[in-house]
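Mind the numbering: the sequence shown is residues 1 to 200 in UniProt numbering, read in order. Every residue gets a Cβ at the ideal spot worked out from N, C-alpha and C, and that includes glycine. Structure first, then comments.
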Amino acid sequence: MISLGLQKLLIRSYVGIKLSLLFWLYAFSGLLLFGIGPALLTVAELYHRHHWHYDKITLAEGWQLFKSHFKLGNLYFYLFAGITIILAYNLFLSVQTQGLIFIITDFILIFALLILVSMFHFGIWLQARYKIALATTLKLSFIQFFNNFLEVLKLLAGFVAIMLITYKFPGLLLFGTVPALLLWTAYVSKKWYTKLETVI
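Have a look at this one:
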């Protein structure tokens with residue numbers, strides 16, 4: 001039993017490391033600027049197709065997926081990045097201004113940023129699983145945020161934990177942080193996918 005559990009842990013760790021290295025390879029192949037979005041979609045789809053079957057997750061298959069996701073991945077990434085930068089800049093200005101109205105504005109902006117972070121990760125998996133239009137992805141990820149707020153809290157708490165661990169061990173940024181964020185999103189969203197598949 002112990003050896004089986006250890007084997008399972010080692011396999012999952014290896015898959016996480018492999019996905020992380022593939023992510024950075026694809027991201028740098030797009031010079032980061034044009035590689036991060038497609039690389040995220042690629043890694044998510046590779047895991048969706050093969051789960052913990054590490055031998056089936058290959059560089060060649062990932063490269064084909066990366067090329068197919070190149071346009072949508074960049075559009076998706078920069079759509080969210082652009083909105084996030086605008087909201088974050090407005091939050092930066094708002095927190096420097098005193099008054100009740102600005103405190104309320106701060107909370108609204110923070111809530112909007114949390115929605116964006118959640119929607120971004122939800123949308124990656126919706127694309128990986130269902131290959132749907134961008135507009136549909138945005139609608140479903142927005143609905144998912146409000147579908148079960150406890151799951152959103154679990155998602156965000158997991159993100160905070162992963163980032164704190166990464167801060168403590170910076171090497172994880174190369175060897176595990178990105179797939180950890182993606183796989184945590186997939187885990188938290190399992191009930192939503194089951195519900196969604198009954199109506200698709």
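query                                                                                                                                                      : result
State buried or exposed for residue 36, treating a residue as buried only when at least 16 other CB atoms are found within 10 Å of its CB.                 : buried
Are the segment 40–51 and the segment 116–136 touching by the rule of at least three beta carbon pairs closer than 8 Å?                                    : yes
Going along the chain, which unbroken runs of the alpha helix (DSSP H) with 4 or more residues stay wholly within the segment 146–200?                     : 149–168, 172–175, 177–188, 190–197
Take every Cβ of the segment 139–157, pair it with every Cβ of the segment 52–67, and state whether three or more of those distances are shorter than 8 Å. : no
Could you spell out the range, first to last residue, of the alpha helix (DSSP H) harbouring residue 33?                                                   : Looking at the DSSP string, residue 33 is not in any alpha helix (DSSP H), and its letter there is neither H nor E.
What does the Cβ neighbour count give for residue 52, buried or exposed, with the cut at 16 atoms within 10 Å?                                             : exposed
With contact counted as at least three CB pairs below 8 Å, one residue from each stretch, are the segment 113–123 and the segment 175–185 in contact?      : yes
Where does residue 52 sit, in a helix, a strand or coil, going by DSSP?                                                                                    : coil
Between residue 76 and residue 3, what straight-line distance do the alpha-carbon atoms span, to the nearest angstrom?                                     : 42 Å
Can you confirm whether residue 80, when its beta carbon is compared against all beta carbons of chain D, has any partner nearer than 8 Å?                 : Among the protein chains of the structure shown there is no chain D, as only one such chain exists.
Does residue 206 pass the burial test, meaning 16 or more other C-beta atoms within 10 Å, or should it be called exposed?                                  : For residue 206 there is no data in the structure shown, the boundaries of the chain being 1 and 200.
Does the segment 153–168 come within contact of the segment 21–28, defined as at least 3 CB pairs closer than 8 Å?                                         : no
I need the boundaries of the alpha helix (DSSP H) containing residue 112, first residue and last residue.                                                  : 100–130
Relative to the alpha-carbon of residue 15, which residue among 54, 159, 181 has its alpha-carbon at the smallest distance?                                : 54
Taking Cβ positions, are residue 88 and residue 113 nearer each other than 8 Å?                                                                            : yes
Nearest to residue 69 by alpha carbon, out of 178, 159, 56, 132?                                                                                           : 132
Could you check where the alpha helix (DSSP H) with residue 84 kicks off and where it finishes?                                                            : 59–94
Within 10 angstroms of the Cβ of residue 124, are there 16 or more other Cβ atoms? Answer buried if so, exposed if not.                                    : buried
Excluding sequence positions up to five away, which residues of its chain have a Cβ less than 6 Å from the Cβ of residue 180?                              : 162
Is the CB-CB distance between residue 40 and residue 134 below 8 Å?                                                                                        : no
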